[in-house]
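Read the structure below first, then the notes.
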Amino acid sequence: MKRSGRMLAIYAGLALLFLHLPLLILAIFSFNVSPFTVWQGFSLHWYYAAFQDPELAESAWNSIVIAIVSTVASTVIGTLCAYGLWKRNSPVLSNSLYLSLVTPEIVTGISLLAFYQWIFRFWHVQLGMHTVILAHISFSIAFVVIVVMARLRTMDATLEEAALDLGANEWQAFRLVTLPGIWPGVIAAALLAFTVSFDDYVITSLVAGVDSETLPMAIYALARRGVSPVVNAISALIVFGLGALIVISERLRAA
Amino acid sequence: MTQQAVLELRKVSKHFPTHRAVNELSFLLERGEFFALLGPSGCGKTTTLRLIAGFEEPTTGQILLNGADIAHLRPYERNVSTVFQNYALFPHLTVQGNIEFGLRRGGQNHIAKRVRDVLELVQLDGMESRYPAQLSGGERQRVAVARSLVVAPEVLLLDEPLSALDPNLRKQVRAEMKALQRRVGTTFLFVTHDQEEALSMPDRIAVMNGGVIEQVGTPEEIYLHPRTRFVASFLGAVNWIGGAGVRPEATRIARNAPENVPHRAARVMQSNFLGNRFHIEAALETGERVTSEISRLDQAFAAGETVYVWWRAEDELRFQ
Amino acid sequence: MTRLRSWFLAPSWAVMLSLFLAPLLVIVVYSFLTRGAYGGIIVAWTTESYRRLADPLYLTILGRSFWIAALATVFSLILGFPLALFISRSASRKNLYLSLVILPFWTSFLVRTYAWMFLLRDTGLINTLLERIGIIRDPLPLLYNNGAVVLGLVYSYLPFMVLPLYAALERLDPNLLEAAADLGARPLTALFRVVVPLCGPGIRAGLVLVFIPCLGAYLTPDLLGGGKSVMVGNLIQNQFTNARDWPFGSAASLVLMALVMLLLLASVRRDAKGLL
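One line per chain: the protein sequences are A, B and C, in this order.
At position 98 of the first sequence (counting the first as 1) the number is 213 in the numbering used here, and the numbers step up by one without a gap.
At position 311 of the second sequence (counting the first as 1) the number is 954 in the numbering used here, and the numbers step up by one without a gap.
At position 268 of the third sequence (counting the first as 1) the number is 269 in the numbering used here, and the numbers step up by one without a gap.
Shown next, in the form of structure tokens:
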């Protein structure tokens, strides 16, 4: 039994390596002085190039703005939704949220594109930051609901009754008793929503306008064109940035 | 001058889809009383409490607080306060924050002083800045009581207030709670399934079973003169000898047949020495078992002895 | 009370209705309309888009999507099961390992897919290393084929297989394996005759959680498959950008949705029966 146990451990190590090595290699080669996949020395100049590229800077800024706005909106809407569903479930709404999670991104994306174009017949608007933000809010809500709902389920339901008993109305009970109790879960949900929004490519690429290119879209364009260590550099930054957010989110979820 | 009933339930019913939790319940609560709702689990006592507090609405009937019907008011519109079984202290607030909570809702003044006063009342002076997680079970219970008392409710509702406490603690807390109620003068209504609590704490008890009240009365009345078999066997033990019911402490044992009192022949099966008394189990000729409790200062009996069990006619329980 | 609750749910309702359900309704309608001359929509009702999907060309694409998704799912199961088993047996470090498994998934899907481009392309790391060592002279065509897509999908969705497997394995009574050993079963036999069958629901959950996103994959076949590994997702995207045939794209989308929902219903019902 012990030998098979060791074999299992070795296998697990290899499997975890498989999961992490590609990203580590990407990060390592972002410091390679040469653009080829032969290590020729340490350099930060790809990072400088990345930071100095105006297009990249603008797309990064767009990504941040979109992520922040959609995160705030989806966290508020999603938290209220989770609370309402926790009190009493609405099967139609729960199932719609679930459906939005399992629908392939390409289908969500093109349906939104078709929907926007149809609306644009009546409303003189174009594809732009706002269409992207609305799309992001739409697909982020389900994530927020799941995280906040999980937190709500650990809460003592009699606390709200006690609040009502002592003179608070339903809104005050939520604000003064329940919300402080689920606060770490709300923050965790917000961090998750930010990550999901920042990283989205498929849906964003379909509903973005000419002036609303996001960082994933810029990376995609670069990746398509050919070998570019600049992509490695940005990738490394994104991975570690988003990774840090997720680690914090996980810690909060468990708090 | 008669005391006005502070709380009255008139034919209150609560029907759930699966069962009737409460069925045409009616009773009165007098101002300043310490009242208990006693019954087995599922009898509807907790539902009744929740109906009074406002967490449930009655299907039919009226709930009158000082004469006004509150049956369909929200909990925060009623001047009653609840102490929950698990205390439901707000974990993110200190003791001060918890106790203030009800006062801040009402926009009261002199909050700090009132909080200090009520903490003194429950003997928790100086604990204002502790968090519930830092308190013992007994301390948490007292904070819960303080939090509900400080809003000066007409009636204080308590849901099995001692059940979450350590059994060793309960006797002491019972005495403290009774003293507290006397001092404060607020009407207390508590719910319990523990007969010892029900006999020692309240001024009056209502015994509930299957959603209805079987009897209301003082502890002595209920114990000595139960109106139904259920009430008799729920509060204390009963020997059913033939058709009569007799309490063990009223079931006496003699070596010779007594005269002019009901009696039956029996054989002693077991005699347990319990320190201050003997607990004797005897079998009648019919095979029925009876128990008798006698003081250790009385005559002792040994297993196997042939005896007579007898009781005074006035100790026989009569039912309606 | 219900009034307040309606206010809490109203914003979500608004978003779901207007930004999720309404768009789906739009493409349902579009799937029955006709393509305009310059790529728009003509309100002429027809089922032609659906009929065109039955063309062998598109059936091939659908078949390939199934095939690739199935391969990726099976490989995820084979690779993921031992990993899940290991984690369920490591007492104190379980959470650490679970975090290590799930963390990469949340960083960036695009970057993770790009990483395999970096490794697999002709001038990528693997070819460069092999050439350096002298094993090969010309670069191997590792990228832009079905295999690369399967690899990319397994890499991306492996956590979705590991987590439900882990959950099922964790719930197993450790005494069962001891009992099997007691009765003379060797470890591998015990594994296949005792552990695997009892993990049924976990395995099914993992299969569904991996197969569905793989079936509807777009980015992975786009970047790793080149023009040769067109899957349904690429087909759909193409209709809405280059080909400008929105009715056809809508029809394909709905067929994909229908397949996804059938798979979900099938798995749910199966497990509901299992509970009986």
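Backbone N, C-alpha and C define an ideal beta-carbon position, used for all residues, glycine too.
Predicted model, so just to flag it, every value in this text is computed and none were measured.
* Would DSSP call B/M851 helix, strand or coil? -> Position 208 of the second sequence, counted from the start, is the residue given in the question as residue 851 of chain B. Note: B/M851 maps to strand in three-state DSSP.
* Is the distance from the Cβ of C/L10 to the Cβ of A/S205 below 8 Å? -> The sequence position of residue 10 of chain C within the third sequence is 9, counting from 1. The sequence position of residue 205 of chain A within the first sequence is 90, counting from 1. In contact: C/L10 and A/S205 (Cβ atoms closer than 8 Å).
* **Runs of alpha helix (DSSP H) lying entirely within the segment 846 to 907 of chain B, each at least 4 residues, in chain order** => 862 to 867, 872 to 877
* DSSP beta-bridge partners for B/A648? -> Translated into the one-based positions of the second sequence, residue 648 of chain B becomes position 5. Paired residue(s): B/E673.
* With B/R825 as the anchor, note down where its alpha helix (DSSP H) starts and where it stops. => Within the second sequence, numbered from 1, the residue matching residue 825 of chain B stands at position 182. Element bounds for B/R825: 810 to 827.
* chain A within 8 Å of C/T129, Cβ atoms only -> On the third sequence, position 128 is the one that residue 129 of chain C refers to. Closer than 8 Å: yes.
* Asked: Closest by CA to C/T35, which one among C/D246, C/A92, C/G207, C/V75?
  -> Translated into the one-based positions of the third sequence, residue 35 of chain C becomes position 34. Among C/D246, C/A92, C/G207, C/V75, the Cα nearest to that of C/T35 belongs to C/D246.
* Asked: Once you ignore the five residues that flank C/P165 on each side, which residues in its own chain have a CB closer than 6 Å to its CB?
  -> Your numbering for residue 165 of chain C matches position 164 in the third sequence. Cβ within range, chain order: G203, A206, G207.
* Asked: Are the C-beta of A/P295 and some C-beta of chain C separated by less than 8 Å?
  -> By one-based count along the first sequence, residue 295 of chain A stands at place 180. So no, A/P295 is outside the interface.
* To do: Out of B/R898, B/V874, B/I923, B/A945, point me to the one whose CA is closest to B/R961's CA.
  => As a first step, residue 961 of chain B is located in the second sequence; it is residue number 318 there, counting from the start. The candidate whose alpha carbon is nearest that of B/R961 is B/V874.
* Exposure label - A/F313; buried when at least 16 CB within 10 Å -> Position 198 of the first sequence, counted from the first residue, corresponds to residue 313 of chain A. When all chains shown are included, A/F313 counts as buried.
* To do: Express the C-alpha separation of A/V301 and A/W286 in angstroms, rounding to a whole number.
  => The count along the first sequence starts at 1 and reaches residue 286 of chain A at position 171. The count along the first sequence starts at 1 and reaches residue 301 of chain A at position 186. Distance between the alpha carbons of A/W286 and A/V301: 17 Å.
* Which residue from B/Q858, B/G780, B/L792, B/T929 puts its Cα closest to that of B/E763? -> The count along the second sequence starts at 1 and reaches residue 763 of chain B at position 120. Minimum Cα distance to B/E763 is reached at B/L792.
* Hey, is B/P701's beta-carbon within less than 8 Å of any beta-carbon in chain A? -> By 1-based counting over the second sequence, the position of residue 701 of chain B is 58. So no, B/P701 is outside the interface.
* Have a look at B/L842 and A/A272 and give me their C-alpha separation to the nearest angstrom. => As a first step, residue 842 of chain B must be located in the second sequence, where it is residue number 199. As a first step, residue 272 of chain A must be located in the first sequence, where it is residue number 157. Going from the Cα of B/L842 to the Cα of A/A272 covers about 32 Å.
* Asked: For B/V798, which of helix, strand or coil comes out of DSSP?
  -> Position 155 of the second sequence, counted from the start, is the residue given in the question as residue 798 of chain B. B/V798 falls in the strand class under three-state DSSP.
* In chain order, what residues of the segment 106 to 121 of chain C put their CB closer than 8 Å to some CB of chain A? -> W107, T108, S109, F110, L111, V112, R113, Y115, A116, W117, M118, F119, L120
* **When C/F76, C/L144, C/A252, C/Q240 are compared against C/L159, the one with the closest alpha-carbon** => Here residue 159 of chain C is taken as the residue at index 158 of the third sequence, counted from 1. Considering only alpha carbons, the answer is C/F76.
* To do: Would you mind telling me which residues of chain C sit closer than 8 Å to A/Y378, beta carbon to beta carbon, in chain order?
  => With chain A represented from 116 up to 370, any question about residue 378 of chain A goes unanswered, as that position is not in the structure.
* Asked: Between B/F670 and B/L652, which are expected to be in contact by the criterion C-beta below 8 Å, what is the C-beta distance as a whole number of angstroms?
  -> Locating residue 670 of chain B in the second sequence gives position 27, counting from the first residue. Locating residue 652 of chain B in the second sequence gives position 9, counting from the first residue. Indeed they touch by this definition, with Cβ atoms about 6 Å apart.
* **Proximal chain B residues relative to A/N284, where beta-carbon distance stays under 8 Å** => Start at 1 with the first residue of the first sequence, and residue 284 of chain A comes out as number 169. Correct list: R717, Y719.
* Compute the distance between the beta-carbons of B/E931 and B/A887, then report whether it is under 8 Å. => Reading the second sequence from its first residue, position 288 is the one you call residue 931 of chain B. Reading the second sequence from its first residue, position 244 is the one you call residue 887 of chain B. Not closer than 8 Å, so no.
* Asked: In terms of residues, what are the limits of the alpha helix (DSSP H) holding A/L294?
  -> Walking along the first sequence from the start, residue 294 of chain A turns up at place 179. First-last of the alpha helix (DSSP H) with A/L294: 294 to 314.
* To do: Would you verify that the beta carbon of B/M644 is, or is not, closer than 8 Å to some beta carbon of chain A?
  => Against the second sequence, residue 644 of chain B aligns to sequence position 1. With a pLDDT of 35 at B/M644, under the threshold of 50, the modelled position of this residue cannot be trusted, and the question is left open.
* To do: Could you work out which residue in B/P810, B/I896, B/P804, B/N852 is closest to B/M844 when comparing CA atoms only?
  => For the purposes of this step, residue 844 of chain B is taken as residue 201 along the second sequence, with counting starting at 1. Ranking the options by Cα distance to B/M844, first place goes to B/P804.
* Alpha carbon to alpha carbon, what distance is there between C/F33 and C/I43? -> Sequence index remark: in the third sequence, residue 43 of chain C carries index 42 (1-based). Sequence index remark: in the third sequence, residue 33 of chain C carries index 32 (1-based). Straight-line Cα distance between these residues: approximately 10 Å.
* Asked: In terms of alpha-carbon separation, which member of B/E936, B/V827, B/V794, B/D809 lies closest to A/A448?
  -> Residue coverage of chain A in this structure runs from 116 to 370, which leaves residue 448 of chain A outside it and unanswerable.
* Asked: Counting only beta-carbon atoms, is B/H967 nearer than 8 Å to chain A?
  -> Outside the shown range of chain B (644 to 963) lies residue 967 of chain B, about which nothing can therefore be said.
* Asked: What is the residue span of the alpha helix (DSSP H) that A/A165 lies within?
  -> Counted from its first residue, the first sequence places residue 165 of chain A at position 50. Its alpha helix (DSSP H) spans residues 160 to 167.
* **Range covered by the beta strand (DSSP E) that runs through B/Q705** => Translated into positions along the second sequence, residue 705 of chain B becomes position 62. Its beta strand (DSSP E) spans residues 703 to 708.
* To do: List the residues of chain A whose Cβ lies closer than 7 Å to the Cβ of B/S938, in chain order.
  => Along the second sequence, read from residue 1 onward, the residue named residue 938 of chain B stands at position 295. Simply none; closest approach about 46 Å.
* Would B/T835 pass as a contact of B/E797 if the rule is Cβ separation under 8 Å? -> Here residue 835 of chain B corresponds to residue number 192 of the second sequence, with the count starting at 1. Here residue 797 of chain B corresponds to residue number 154 of the second sequence, with the count starting at 1. Not closer than 8 Å, so no.
* Is any beta-carbon of chain A found at less than 8 Å from that of B/H735? -> As a position in the second sequence, residue 735 of chain B is number 92, starting the count at 1. Yes - at least one Cβ of chain A is within 8 Å of the one on B/H735.
* Length-filtered (4 minimum) alpha helix (DSSP H) runs lying within the segment 196 to 262 of chain C -> 201 to 216, 220 to 225, 233 to 241
* To do: Would you please verify whether the beta carbon of A/I192 is less than 8 Å from any beta carbon of chain C?
  => As a position in the first sequence, residue 192 of chain A is number 77, starting the count at 1. At least one chain C Cβ lies under 8 Å of A/I192.
* Apply the 10 Å Cβ neighbour rule to A/V325 and answer buried if 16 or more other Cβ atoms are within range, or exposed otherwise. => Translated into positions along the first sequence, residue 325 of chain A becomes position 210. Classification for A/V325: exposed.
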